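Structure first, then comments.
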Amino acid sequence: MPEITRAEVAHLANLARIDLSDDELDHLAPQLSVILESVASISGVAGDDVPPTSHALPLTNVFREDVVTPGLTPEQALSGAPAVEEQRFSVPRILGEEQ
Amino acid sequence: MTDTLVAFDDVLATYDPALGLEVHVELNTNSKMFCGCPTEFGAEPNTQVCPTCLGLPGAMPVVNGKAVESAIRIGLALNCDIAEWCRFARKNYFYPDMPKNFQTSQYDEPICFDGYMDVDVDGETFRVEIERAHMEEDTGKSLHVGGATGRIHGADHSLVDYNRAGIPLIEIVTKPIRGAGAKAPDVARAYVAQLRDLIVALGVSDARMDQGSIRADVNLSLSPKGSGTLGTRTETKNVNSLRSVERAVRYEMSRHAAVLDAGEKILQETRHWHEDTGVTTSGREKSDAEDYRYFPEPDLVPVAPSREWVEELRGTLPENPTARRARLQAEWGFSDLEMRDTVGAGALDVIEQTIAAGTTPQAARKWWLGELARRANEQGVLVDALPVTPADVARVQALVDEGSLNDKLARQVFDGLFAGEGTPDEIVAARGLAIVSDDGALSTAVDNAIAANPDVADKIRDGKVAAAGALIGAVMKEMRGQADAGRVRELILEKLS
Amino acid sequence: MITRTAAELAAALAAGETTSVAATQAHLDRIAEVDGAVHAFLHVDAEGALAQAAESDARRAAGATRSALDGVPIAVKDVLATEGLPTTCGSKILEGWIPPYDATVVRRLKAAGLPILGKTNMDEFAMGSSTEHSAYGPTRNPWDLDRIPGGSGGGSAAAVAAFEAPLAIGTDTGGSIRQPGAVTGTVGVKPTYGGVSRYGLVALANSLDQAGPVTRTVLDSALLHEVIGGHDPLDSTSIDQPLPALVEAAKRGAAGDLSGLRVGVITEMSRQEGGLSGWQAGVLARFQESVDLLVKAGAEVVEVSCPSFVHALATYYLILPAEASSNLAKFDAMRYGLRVWPEADASAEEVMRATRDAGFGDEVKRRIILGTYALSSGYYDAYYGQAQKVRTLISRDFDAAFERADVLVSPTAPTTAFKLGAKLDDPMAMYLNDLATIPANLAGVPGISVPSGLADEDGLPTGFQILAPALADDRCYRVGAALEAALLEQWGGPLVPPEEKLS
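Protein chains in written order, with the numbering used here: chain X, 1 to 99; chain U, 100 to 596; chain H, 597 to 1099.
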């Protein structure tokens, strides 16, 4: 029976960058276990010979011409930003490494 | 902290290196990978963005067909198979310069796979096997404010420009390269150099390592000599010059060996390359926490290049740069050194075209690697960016060959070309540069020179013909260089015999 | 004015009997009157709507109307980007965000001359079946203000049911147009996947989402569908083919003749025994009556089995959270929306974590965690990968069923509207509301929900779902209009929520 432990929820929340409180962790772990138990019912329903469907309709090769089209002005681009400096998005200090 | 290092030769006594290279090539398409924003380098911040590349809620990607075409051409040039059907996938991780917090990339279905490139190192050929080449998008760029200048550590906050976000990238990944031994650093460098040449020949990228349009990540591991196993690898990121590729491999080999010699284990981690000091430092440790949760991108439909299209693109491939270079070197009779200089100056194409316009190989090389290379160097560009065409150079050389110009006058013609004064012939006419071989004018100048230098004239009369040079110089000075030096010499000797 | 259908309003405008400004003002007045109780709207743009209406009137005076619906006002679900109008998706994390661009659907509405009244309430990021998961408070069902209007598009359905708008746009990922339609006694259409552009629709689950019409009549849906549908080069999954003639199909259906049509009743979605449990008796009774009316109109009924449909819910609750967990990663406090500082010198990563904790509601967090789990290494094959395979089986069931029937039918939702709060703490019970609507999203086929009456036990609306093969949306309209005509004749007029409850 699949079960998500509290520690696993904490790990997943970390991957998903959500700072869950202890209360939320306590609350979510059993709820997710219930949901997971239910959705796990599909394991084994489809055999190895069944191809997966990632797209509802079988379209392929939808391409754009390589031409420049009008985008946003910097003012529009930055209009929703919590903070702006030097026509750039101002973000809190970045830990870790440069990309 | 300074790393302990083992001398390079000692590394090889104990260990076998295995290399792996991941090279990102930024394509030179007009528009981005998934939207119609322009891709010009160096634009004002956030002026080349739209809802899609800014990751605004609701916006959707559409694949740039030209980028797919470029990916296929790169794959074909690397002798890859081209997928009959493949998908884009999302690589999920959070980083402020990535607008959607996932990168649209390809995962287990790359468009190109299983290729190779033969790399020449000092006359020896190494076959570098290509695992895959896939399509993805670039990220934005962060400027770190406060703290030590420009560095991420200690910065107070960061400023993000998304102009680069969404520019098409092709990531080319090799299989582990083994058996290079002492030549591992050279093989790494030669691979990247040859790959760059190939990209240039294909015309799919600006291929400027200094501007980041080609970026290399260098993987390295050591295994006990002769064991045939693969050791734990490190990945040194963003090694952005050919010389650095070589140095980074050399450094990591020495560092790995020291760690292993001390009985410790290599951490599987990302390393940062420091161009200034020539060392790598530890980045993030690769751990289980790094889980990219790839899945097929539902907003894009699969790419299924028809075999007809692939064959059509195969027909557009340029001659393999290595083969072409060998062919041209033989045809032109250049030495290895001359050929290396030619390639290094980016002058292969212009020299080829100059020769095609009728100039001898040595003359073409003389101009392009001499006078013109000097001027290009002053301007900080490659010779092919100068306002001088191969046809111009061929014409100038033709004028020299027929005696209408000498080298000094030819340089003045180039001045005129740089100043936009017209064709070489127009410049010669306008500037009055043609050499004077009319005996009347020359004869007067020679008489003047003899009169002004009686001592020299006497020496020549006494049979010291070598002294004629001084008189020739005087004549040339009077004629402001526009005299046929050979004819001047003949006239002096006639008059003083 | 407000009780007129969109088609009637369009006719009145064309005949010069009224103006767009008058029609728009009447609906704005109605919103002012009842939306305090219903809370269908998150944002009302009176000024903008009236300006657009005045432009429409000017166009009409100049003989330059842009579409059949030029001047007919509309409400838009808050999940579609509207330039200059707030777009929150019912979430705190997007509070105050004003998009600098229009969704393609919105652009087409504007191009066709429909004044936009405002943005309608929804479950946060369209996650829910009751609109209770809106960060801005629930919408209430005009039939009973203590009950849910369905979800996630409860706002659009309630607005139309309460005569606050003649037309609305909804989006349907697992039933968010059709199920609210069923429980509010309105019509809702989920078009064929790819039939209406998703550009500018803030994605919940990209491979399932479709925008579509929310109206009071089948003809109105067809009219609206023709305005918003059709190929869009900005959406790679958009179908590059002309829409079928939907209005024509609706008119043909309303004439009442269905002879030769094969109607497939899906065993797994219409029988208590052998299929799914939890179906309300009144819902099944109204369903059977509607089937009988179709037979009376000349249709032939066949029973079809779609055995994989029993796995649709589980499949859906793996695919949706997986895609959603990735889609919602972009809400990170860096470029737009909420930014929460856990402490003064917090790092970007800490700000992201704190903002996402404060800005997302419980249901969103549940699904993000579930989706992160389903995609994480070691679980992908067992969960997401397996769900994609079952999706194939579900599509195959549809293919087989459509060999035997031209359309498939079922009740839209297993129950009538339940009380607010009844299922809030029981996610699985909430998820079961979408049992009958989910298979269409998984296979990409179109579906419509048409009001089928009131359940005997509680006097609340029930819905009848008609599903057609991909690209055959016209069949939904033809059969839907035929059923609507037969029911209207039986009832003597449309079902209308009791007015006294709204004031």
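Glycine is no exception: its CB is placed at the ideal position from the N, C-alpha and C atoms. Here the structure is a predicted model, which is why all the values come from computation and not from measurement.
Beta-carbon proximity check, residue i vs residue j, cutoff 8 Å
i, j, result
"U/Leu118", "U/Ala279", "yes"
"H/Thr788", "H/Val1005", "no"
"X/Leu72", "U/Cys134", "no"
"U/Leu329", "U/Met352", "no"
"U/Tyr391", "U/Asn191", "yes"
"H/Thr684", "H/Asp674", "yes"
"U/Gly445", "U/Val482", "yes"
"X/Ala81", "H/Tyr979", "no"
Chain X within 8 Å of residue i, Cβ atoms only
i, result
"U/Thr458", "no"
"H/Leu681", "no"
"H/Ser943", "yes"
"H/Ala929", "yes"
"U/Glu143", "yes"
"U/Asp102", "no"
"U/Thr333", "no"
"H/Gly933", "yes"
"U/Val409", "no"
"U/Asp109", "no"
Interface flag, residue i vs chain U, CB-CB below 8 Å
i, result
"H/Gly870", "The predicted model places H/Gly870 with a pLDDT of 49, which falls under 50 and marks its position as unreliable; any figure quoted below should be read in that light. No - not a single Cβ of chain U is within 8 Å of the one on H/Gly870."
"X/Val39", "no"
"X/Val45", "no"
"X/Met1", "Note that X/Met1 scores a pLDDT of 48, beneath 50, so its modelled location is shaky; the value from the coordinates is reported in the next line. X/Met1 does not count as touching chain U."
"X/Arg64", "yes"
"X/Val9", "no"
For residue i, the residue or residues it bridges with in DSSP
i, result
"X/Pro92", "U/His256"
"U/Leu319", "U/Leu118 and U/Thr333"
"H/Glu999", "DSSP, once it has assigned bridges, lists no residue as partnering H/Glu999."
"U/Ala232", "U/Cys211 and U/Ile271"
"U/Met197", "Beta-bridge pairing links U/Met197 to no other residue."
"X/Phe63", "U/Val162"
"U/Ile171", "Answer is none; U/Ile171 lacks a bridge partner."
"U/Ala112", "None; U/Ala112 has no bridge partner."
"U/Ile276", "U/Leu118"
"H/Phe1060", "H/Pro1007 and H/Val1046"
"U/Glu223", "U/Val220"
"U/Asn262", "U/Asn262 pairs with nothing; no bridge assigned."
"H/Asp740", "H/Asn737"
Cβ neighbours of residue i in the same chain (closer than 7 Å, five flanking residues each side left out)
i, result
"H/Glu822", "Leu839, Leu842 and Val843"
"U/Asn127", "Val303, Ser304 and Asp305"
"U/Val358", "Ile365"
"H/Pro738", "Val634, Ala754, Ala757, Ala758, Thr780, Pro1093 and Leu1098"
"U/Phe193", "Asn200"
"H/Val617", "Leu646, Ala649, Ala650 and Asp653"
Sequence-distant residues of its chain with Cβ nearer than 8 Å to residue i (five each side left out)
i, result
"U/Asp387", "Residue placement at U/Asp387 is poorly supported in this model, since its pLDDT is 47, which falls under 50; the coordinates still yield a value, given next. Same-chain partners within the cutoff: there are none."
"H/Ser904", "Val986, Leu989, Ile990, Arg992 and Asp993"
"X/Glu98", "A caution first: X/Glu98 carries a pLDDT of 48, below 50, which makes its placement in the model too unreliable to give a value."
Residues near residue i by beta carbon distance below 6 Å, same chain, minus five either side
i, result
"H/Gly790", "Thr833, Ser834 and Ile835"
"U/His123", "Leu268, Glu270 and Arg314"
"H/Ile1044", "Val785, Ile1062, Cys1072 and Gly1076"
Test: residue i CB closer than 8 Å to a CB of chain H
i, result
"X/Arg93", "yes"
"U/Met159", "yes"
"X/Gln99", "A caution first: X/Gln99 carries a pLDDT of 44, below 50, which makes its placement in the model unreliable, though a value can still be read off. Not an interface residue."
"U/Asn200", "yes"
Any non-hydrogen atom of the ligand SAH closer than 7 Å to residue i Cβ
i, result
"U/Leu570", "Looking for the ligand SAH in the displayed structure turns up nothing, as the structure carries no ligands at all."
Original post:
Relative to chain U, which residues along the segment 791 to 825 of chain H have a C-beta separation below 8 Å, given in chain order?
Top reply: Arg794, Tyr795, Gly796, Leu797, Val798, Ala799, Ala801, Asn802 and Ser803
Original post:
Of the residues that make up the segment 75 to 91 of chain X, which ones have a beta carbon closer than 7 Å to any beta carbon in chain U?
Top reply: Ala77, Leu78, Glu85, Glu86, Gln87, Arg88, Phe89, Ser90 and Val91
**OP:** Could you please tell me which residues of the segment 1028 to 1041 of chain H, in chain order, have their CB closer than 9 Å to any CB of chain X?
**Re:** Asn1037, Leu1038, Ala1039, Gly1040 and Val1041
Subject >> Residues of the segment 368 to 401 of chain U with Cβ closer than 9 Å to any Cβ of chain H, in chain order >> reply: Asp387, Asp390, Tyr391, Arg392, Tyr393, Phe394, Pro395, Glu396, Pro397, Asp398, Leu399 and Val400
**OP:** Below 9 Å between beta carbons is the criterion; list the residues of the segment 830 to 859 of chain H that meet it against any residue of chain U, in chain order.
**Re:** Leu830, Asp831, Ser832 and Thr833
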